[in-house]
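Below is one structure, written out as structure tokens; the observations come after it.
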Amino acid sequence: MVQTLVVKCKYGWGQTLRLYTERLELQGISYALYDLVHFRSAYRRVVGLSALRLDLQFKDELIYVRGITDIDAGLQATLYLNSWLNKQAELAQEQQNSNVIVVPAVRVDTAQTLQLVETTTVVPVPLAPLTPSLPPGQTEVVVDIIERRATENVMSQELQLATTTPLSPALEEVETVPVWSRAEDLYNDEGHDAHAQRKQRLIRLQTERELHLYGFDISALEHRLQLEGLPHLRVSLHLQRGEIAHYCSEASLCDEPPEELRLVGAQWKTRDRGTFILTNQRTIFQGHKRQLVLYHNRLLQLTHLPGAIMLNAEYWTQQQFFVMQRPLECAIYFDHILRLNQRKQQQLYLKRPDKRHD
Numbered sequence: 023m024v025q026t027l028v029v030k031c032k033y034g035w036g037q038t039l040r041l042y043t044e045r046l047e048l049q050g051i052s053y054a055l056y057d058l059v060h061f062r063s064a065y066r067r068v069v070g071l072s073a074l075r076l077d078l079q080f081k082d083e084l085i086y087v088r089g090i091t092d093i094d095a096g097l098q099a100t101l102y103l104n105s106w107l108n109k110q111a112e113l114a115q116e117q118q119n120s121n122v123i124v125v126p127a128v129r130v131d132t133a134q135t136l137q138l139v140e141t142t143t144v145v146p147v148p149l150a151p152l153t154p155s156l157p158p159g160q161t162e163v164v165v166d167i168i169e170r171r172a173t174e175n176v177m178s179q180e181l182q183l184a185t186t187t188p189l190s191p192a193l194e195e196v197e198t199v200p201v202w203s204r205a206e207d208l209y210n211d212e213g214h215d216a217h218a219q220r221k222q223r224l225i226r227l228q229t230e231r232e233l234h235l236y237g238f239d240i241s242a243l244e245h246r247l248q249l250e251g252l253p254h255l256r257v258s259l260h261l262q263r264g265e266i267a268h269y270c271s272e273a274s275l276c277d278e279p280p281e282e283l284r285l286v287g288a289q290w291k292t293r294d295r296g297t298f299i300l301t302n303q304r305t306i307f308q309g310h311k312r313q314l315v316l317y318h319n320r321l322l323q324l325t326h327l328p329g330a331i332m333l334n335a336e337y338w339t340q341q342q343f344f345v346m347q348r349p350l351e352c353a354i355y356f357d358h359i360l361r362l363n364q365r366k367q368q369q370l371y372l373k374r375p376d377k378r379h380d
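Here this note's numbering is used: position 60 in the sequence shown is 82, and no number is missing along the way.
Okay, structure coming up:
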């Protein structure tokens, strides 16, 4: 059966990832999605470079896909894998609840007439565990952009493949066109329509999942920032000459909980509460007890965590964690600001006259 390509992107050192409707292909090696039992995604920005990482737990092996620089393609793959696992979990739950396989009706030929007899056979169905955890021993912090929740039931039926409708009896009439030609044209037309409908359903499902998980539409925000640019906000703080505020949110400065507790949703220990502001030059946290200022050219690392973002600077002795309502939205604005500053620096460098020695 021909499968539809969902997303294609590069990772690592020029390696290719292809995600189809029912399988994943990495450098020519194919992995069935039916063997996927768990996955995690991590977004990182280190020294001005953004990348996405996927940890894929199959039945027999654990695969790490590092260095996905196309963030949009990585998010699309993450959303599709999340929806796939949710659908498989619901199907397995239904089988576990029923534990019954119904054999379709069969025809029994009697001496006088044909009768339809429906038989039901009860067959126990063994089920594998739905959510095995990843093996321990990971040394770096893994950030869950999207976590699979087996109990969620958010429009899973929207991802069901559209089936091809049977031929109408009217098409069986004798025409001048050969039968094989008419059937092939009808199959191509219906396949194209089914692919378009499946694509629209996937986009709608992704939007609904993003609204449910993050409170906003990621694709719409990216599109708006590309067309309209970064917004100009008015804030209560006194800004420097030429400095423009682009993002503002209420946030809490917190201590980092242990990794094993943070992964299970432990509460952050709050050190201060205040306002988190992103400008074209600095990151400012104006709290009730302290003020933190970070110049963007001194940023070493930006990481999006579940419910928070982590910043690390050259002149800070430790990482700073800011808990806010929409940390992913903040990370997207931060990424656009850094990219804009990088483009401006490149333009200024290209405009500099060449230095020639006499």
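Every residue gets a Cβ at the ideal spot worked out from N, C-alpha and C, and that includes glycine.
Remember, it's a predicted structure, so these values are computed and weren't measured experimentally.
Check: Beta-carbon proximity list for Thr80, same chain, < 8 Å, skipping 5 on both sides; Outcome: Here residue 80 turns out to be Phe, not Thr, going by the sequence shown. Within the same chain, Phe80 has close Cβ partners Tyr53, Asp57, Leu58 and Val59.
Check: Contact the region 338-349 vs the region 309-327: 3+ CB pairs below 8 Å; Outcome: yes
Check: Collapsed DSSP secondary structure at Arg374 in the structure displayed; Outcome: coil
Check: Glu44 vs Leu27 beta-carbon contact at 8 Å; Outcome: no
Check: Ser72 and Ile93 closer than 8 Å at C-beta; Outcome: yes
Check: CB of Ile266 within 8 Å of CB of Asn319, strictly; Outcome: no
Check: Reference Leu252; option with closest CA among Ser63, Gly89 and Phe356; Outcome: Phe356
Check: According to DSSP, residues forming a beta bridge with His326; Outcome: Ile331
Check: Candidates Leu78, Leu362 and Ile331, of which the one nearest Gln347 by Cα; Outcome: Ile331
Check: Which residues DSSP lists as bridging Ile85, in chain order; Outcome: Leu78
Check: Gln137 versus Gln37 - alpha carbon distance; Outcome: Its pLDDT being 42, under 50, Gln137 is placed unreliably in this model, and the value from its coordinates should be taken loosely. When rounded, the distance between both Cα atoms is 59 Å.
Check: Inter-residue Cα distance where the pair is Glu230 and Leu107; Outcome: 16 Å
Check: Collapsed DSSP secondary structure at Leu259 in the structure displayed; Outcome: coil
Check: Neighbour-count burial assignment, Ser258, 16 or more Cβ in a 10 Å radius; Outcome: exposed
Check: Leu333 vs Thr305 beta-carbon contact at 8 Å; Outcome: yes
Check: Per DSSP, the bridge partner or partners of Ala64; Outcome: Arg75
Check: Span separating the alpha-carbon of Phe298 from that of Gln228; Outcome: 29 Å
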